[in-house]
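Trainee: In the numbering used here, the protein residues as written are 49 to 243.
One structure is given below, represented as structure tokens, and several questions about it will come after.
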């Protein structure tokens, strides 16, 4: 009700998908006032919408991201460490699962993947994660594009956040997406020490 009082006459908008929201229970004495998405909303926070469906609606082209897959393979430790920084408790088996799902869903064919987005994209591949030691299942998704139909990482529409949603509570954590490509040269440094 505070929001309605402060913004009288304005239509509330979802902070995630930027769609107009409905106000529910505004005049009810039994139910607290709350906001709801419109029917058939594509917002990835709606649990009936698999988060991957949002990701896979981005422009694709067969073989578009061959370079990104190669980058991920050549910098696997860096990609893994960045993913682990975002998803506590993530292990190598979860990385393998994410890469398997990315292959099955042709995620590597997303147009314009750049290396700094690889950890966030791989986390967004699975509809549900339950990392070891976590309280419960979570889902990840990239922030939606500012302009409908725009590419997910070009120009002003470039994404800078990864959302983590606790499936049981609906709580959302926001993780910044790194601006530098995930890279670790620790393996090559160790290899030089073993010569």
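We put the beta carbon where it would ideally sit given N, CA and C, even for glycine.
1. Going by the beta-carbon positions, is the gap between residue 91 and residue 120 smaller than 9 Å?
2. Please list the terminal residues of the continuous alpha helix (DSSP H) segment that includes residue 145.
3. Is the Cβ-Cβ distance between residue 134 and residue 210 less than 9 Å?
4. Round the Cβ separation of residue 157 and residue 109 to the nearest angstrom and send it over; I've been treating them as touching at under 8 Å.
5. May I have the straight-line CA-CA distance separating residue 132 from residue 139, to the nearest angstrom?
6. Which two residues bound the contiguous alpha helix (DSSP H) that contains residue 186?
7. Can you check whether the CB of residue 186 is closer than 9 Å to the CB of residue 225?
Mentor: Inspection of the coordinates gives the following:
1. Here residue 91 refers to the residue found at position 43 when the chain shown is read from its first residue. Here residue 120 refers to the residue found at position 72 when the chain shown is read from its first residue. No. Outside cutoff.
2. In the chain shown, counting from the first residue as 1, residue 145 sits at position 97. Where residue 145 is concerned, the enclosing alpha helix (DSSP H) stretches over 140-152.
3. As a first step, residue 134 must be located in the chain shown, where it is residue number 86. As a first step, residue 210 must be located in the chain shown, where it is residue number 162. Yes, they are a contact pair.
4. Position 109 of the chain shown, counted from the start, is the residue given in the question as residue 157. Position 61 of the chain shown, counted from the start, is the residue given in the question as residue 109. 6 Å between Cβ atoms; contact.
5. For this step, residue 132 is matched to residue 84 along the chain shown. For this step, residue 139 is matched to residue 91 along the chain shown. Whole-angstrom Cα-Cα distance: 8 Å.
6. Along the chain shown, read from residue 1 onward, the residue named residue 186 stands at position 138. It is not in any alpha helix (DSSP H) - residue 186 instead sits in the beta strand (DSSP E) that spans 186-190.
7. What you label residue 225 is simply residue 177 of the chain shown in a count that begins at 1. What you label residue 186 is simply residue 138 of the chain shown in a count that begins at 1. Against a cut-off of 9 Å, the Cβ pair of residue 186 and residue 225 comes out as no contact.
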